[in-house]
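For the sequence shown, this note's numbering begins at -12 and goes up steadily by one.
Notes follow once the structure below has been shown.
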Amino acid sequence: MQQPLVSVIIPIYNVEKYLRECLDSVVNQTLREIEIILINDGSTDNCGKICDEYATKDKRIIVIHKE
């Protein structure tokens, strides 16, 4: 994979209801050389688990968990 030309940064806080739809949309873009940075800002729902799940499936995803 080439060096990514585009970084997509997604701030996340208690949006479990919409998170999978958002991540599916970004992951399935036609531009493949992107990095996807997910910043979980201390969510109290399952957002952190969902982010980690997607990161294990796609090496372009970087997850940062904040407390």
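Beta carbons: idealized from backbone N, C-alpha and C, even for Gly.
With respect to the 8 Å criterion, Asn1 and Thr43 are not classified as neighbours on the basis of their beta carbons. Burial is judged here by how many other beta carbons sit within 10 angstroms of a residue's own beta carbon; Ile(-4) has fewer than 16 and is exposed. For Tyr41, the closest alpha carbon among the candidates Thr17, Glu8, Ser(-6), Glu20 is that of Glu8.
For Glu8, the enclosing alpha helix (DSSP H) begins and ends at 3 to 14.
Taking C-beta atoms under 8 Å as the contact rule, Glu3 and Asn33 qualify, at a distance of about 5 Å.
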